[in-house]
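Numbering (the UniProt record's numbering), first residue to last: 1 to 245. Worksheet for the structure shown next.
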Amino acid sequence: MDWWLIVAAVTAGLYGALAGTLVPHALYRLSVEPGEAWRASAPCGHALGGWAGRARCAACGGRYGPGALWPAAATAAACAATAAAVGVRPELVVWLLAVPVGVLLAGVDRAVRRLPDVLTLPLAAGTAALLGVAATLPGAAGSWPGALLGGAALGGAYLLLFLAHPAGMGFGDVKLAAGLGCALGWYGWGALICGALAGLLPASVYGAWLMLTRRAGRGATMALGPFLVAGAWLGVLAGGWAVRP
């Protein structure tokens with residue numbers, strides 16, 4: 001590995017660690033059941049403001065949500081690995097901005113089986129727009145039309161799955177798939193298929209295991225978001241590595 005790639009990976013990892021420490025506050029506020037308003041106060045009763053930061057009350061110092069260790073570690077590792085696989089290319093900035101959002105979405109879905117529009121829709125629109133900018137810069141290794149087609153393809157595939165079996169999948173998964181498909185489509189159909197399978201197959205195995213061990217019934221729902229996010233990340237790594245010189 002070249003020295004500049006090591007520097008990029010270390011820098012991205014440090015950025016990821018910092019970004020990950022800002023996730024817990026938003027994770028706490030957004031982890032509510034469908035139809036409920038976002039949390040505006042901590043369990044201690046003090047009002048909460050803003051969206052980024054640690055899950056500790058500014059007034060009394062009490063902890064009201066998840067710690068920063070796992071979000072910081074997950075975001076740092078994902079950002080460092082992404083930089084190492086993709087290299088110093090314009091699209092790397094897009095991936096580094098998307099990783100903390102993906103970690104946040106995975107955390108919210110795992111907590112309350114929900115993928116909020118306030119995250120999934122900006123992720124999809126922002127990824128598409130920023131990749132359009134990246135495509136105009138020297139050194140870009142992907143295709144913006146391919147990204148748009150990937151978003152439409154993966155989003156459309158999950159829409160069909162949702163329509164076929166609404167009880168087993170939420171519409172938030174469809175919106176998330178559109179954004180993730182946009183990222184995967186940037187590197188072509190191979191990355192798209194790889195990322196889609198890397199998310200769907202482990203989720204199917206996990207769901208089957210839950211039923212076999214009777215930890216969930218046939219009509220139960222599971223958090224699909226973490227699998228989709230992880231699979232898309234692996235697909236981006238594979239796509240970025242494949243196009244490196």
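C-beta atoms are modelled at their ideal positions from N, C-alpha and C, and glycine is treated no differently.
Out of curiosity, what's the CA-to-CA distance linking A147 and A128?
-> Going from the Cα of A147 to the Cα of A128 covers about 7 Å.
Problem set entry | First and last residue of the uninterrupted alpha helix (DSSP H) at T11 | It spans W3 to T21 - the alpha helix (DSSP H) in which T11 sits, taken as one unbroken run.
Practice problem: Report yes if the CB atom of A81 is closer than 7 Å to the CB atom of V243, and no otherwise. | Solution: Not a contact, by the Cβ cut-off of 7 Å.
Exercise. Could you give the C-beta distance for W241 and A85, rounded to a whole number, given that I count them as a contact under 8 Å?
Worked result: The distance from the Cβ of W241 to that of A85 is about 5 Å, consistent with a contact at the 8 Å cut-off.
For the alpha helix (DSSP H) containing P245, name the first residue and the last one. Run containing P245: none; DSSP gives neither H nor E here.
Using the C-alpha atoms, what's the distance from A208 back to L96?
Rounded to the nearest angstrom, the two C-alpha atoms are 33 Å apart.
| request: Output the residue ranges of the alpha helix (DSSP H) runs that lie fully inside the UniProt domain "Prepilin type IV endopeptidase peptidase" (101 to 203) and measure 4 residues or longer, sorted by chain position. | output: DSSP runs (the alpha helix (DSSP H)) wholly in the UniProt domain "Prepilin type IV endopeptidase peptidase" (101 to 203): 117 to 134, 144 to 164 and 171 to 185.
* Asked: How about P43 and Y28: are their beta carbons less than 7 Å apart?
  -> No, the Cβ-Cβ distance between P43 and Y28 is not below 7 Å.
Give me the Cα-Cα distance between S204 and T136, rounded to the nearest whole angstrom. Straight-line measurement puts the Cα of T136 at about 38 Å from the Cα of S204.
- Label D173 either buried or exposed according to how many other C-beta atoms from any shown protein chain fall within 10 Å of its C-beta, with 16 as the threshold for buried. Note on D173: 16 or more other CB atoms within 10 angstroms of its CB, so buried under the neighbour-count rule.
Problem set entry | Buried or exposed by the 16-neighbour rule on C-beta atoms within 10 Å, applied to W189 | So W189 ends up on the exposed side.
Item to check | N- and C-terminal bounds of the alpha helix (DSSP H) containing P71 | outcome: That run of the alpha helix (DSSP H) goes L69 to V86.
Measure how close the beta-carbons of G195 and G235 come, nearest whole angstrom, since I'm counting them as under 8 Å.
Contact check for G195 and G235: beta-carbon distance about 2 Å, within the 8 Å limit, so the pair qualifies.
Q.
Whether or not the segment 96 to 108 and the segment 152 to 167 are in contact is what I'm after, with contact meaning three or more pairs of Cβ atoms, one per stretch, closer than 8 Å; do they touch?
A. In short, these stretches do not touch, since the Cβ pair count stays below three.
Anyone know if the C-beta pair for G150 and G126 falls short of 7 Å? For G150 and G126, no; Cβs fall outside 7 Å.
For this session: Name the residue from D117, G156, V88 and L210 whose alpha carbon lies nearest to the alpha carbon of S31.
Result: Residue D117 is the option with its Cα nearest to S31.
Neighbourhood of V26 by C-beta distance below 7 Å, restricted to the same chain and skipping five residues each side: Looking at the sequence provided, one finds Ala at residue 26 rather than Val. Counting only Cβ-Cβ distances below 7 Å, and skipping sequence neighbours, we find W51, A52 and L104.
ask   = When you compare only the Cα positions, how much space is there between V112 and E33?
value = The straight-line gap from Cα to Cα measures roughly 6 Å.
Residue burial classification, L184 (beta-carbon count within 10 angstroms, cutoff 16): By the 16-neighbour rule on beta-carbons within 10 angstroms, L184 is buried.
task = Indicate whether G16 and A55 have their beta-carbon atoms separated by less than 7 Å.
result = Contact flag unset, no.
Query raised in the report: Whose C-beta lies closer than 7 Å to the C-beta of A9 among residues of the same chain, with five residues either side of it excluded?
Result: Here the set comprises A80, A83 and A84.
Quick check: is the beta carbon of V7 nearer than 7 Å to any beta carbon in chain D?
Looking for chain D here will not work: only one protein chain is present.
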